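This report concerns only the one structure given below.
Residue numbers (this note's numbering): 24 to 142.
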């Protein structure tokens, strides 16, 4: 008899003040901006449109009440972006929190469904 118990699970972790605007997408955008030194390079590597990247970043900044990315326009010297100290801090905290939550969720899934649980 085939088991009816699920073998997989999924969950989302978002942090916010009023609106759930900081989650996986914003975290990935910030991480890639830090890595590449450019918001443009970050959203392009994600296959994300510029308008969507700006929208999710602006929403997260508005909700948290801080600037997350410092932008420098292009020109002769070239442009670039880097995370603000607040951007670095919230990204590091989010990544740690997300990792801890993922471990707890996996333990709970195994306890309740008896599978290894791939997220």
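Each residue gets a CB set at the ideal place from its N, CA and C atoms; glycine is no exception. None of these values were measured; they are calculated from a predicted model.
Own chain partners of residue i with C-beta closer than 6 angstroms, once the 5 adjacent residues on each side are dropped
i: residue 34; result: 128
i: residue 36; result: 121, 124
i: residue 104; result: 56, 61, 62, 92, 94
i: residue 59; result: 65
Buried or exposed (CB count within 10 angstroms, at least 16 for buried), residue i
i: residue 55; result: buried
i: residue 113; result: buried
Limits of the alpha helix (DSSP H) - the one that residue i falls within
i: residue 129; result: 108-136
i: residue 57; result: 47-59
i: residue 84; result: 73-87
i: residue 66; result: 62-68
From the options, residue whose alpha carbon lies closest to that of residue i
i: residue 50; options: 138, 135, 122, 136; result: 122
i: residue 87; options: 103, 64, 135, 117; result: 117
i: residue 137; options: 96, 29, 24; result: 29
Contacting residues, own chain, Cβ-Cβ under 8 angstroms from residue i (five flanking each side not counted)
i: residue 142; result: Residue confidence for residue 142 is low, a pLDDT of 49 falling below 50, so the modelled location carries little weight and cannot support an answer.
i: residue 90; result: 84, 107, 109, 110
i: residue 42; result: 82, 86
i: residue 18; result: Given that the chain is displayed from residue 24 to residue 142, the structure contains no residue 18 and the question cannot be resolved.
Residue-level contact to chain C via CB, residue i, 7 angstroms cutoff
i: residue 58; result: Checking the listed chains, one finds no chain C in this structure; it contains a single protein chain.
Residue interval of the beta strand (DSSP E) (run including residue i)
i: residue 93; result: 92-95
Cβ shell of residue i (< 7 angstroms), same chain only, five flanking positions each side left out
i: residue 66; result: 52, 73, 76
i: residue 140; result: Its pLDDT being 49, under 50, residue 140 is placed unreliably by the model, and the measurement read from it follows with that caveat. 31, 32, 129, 132, 133.
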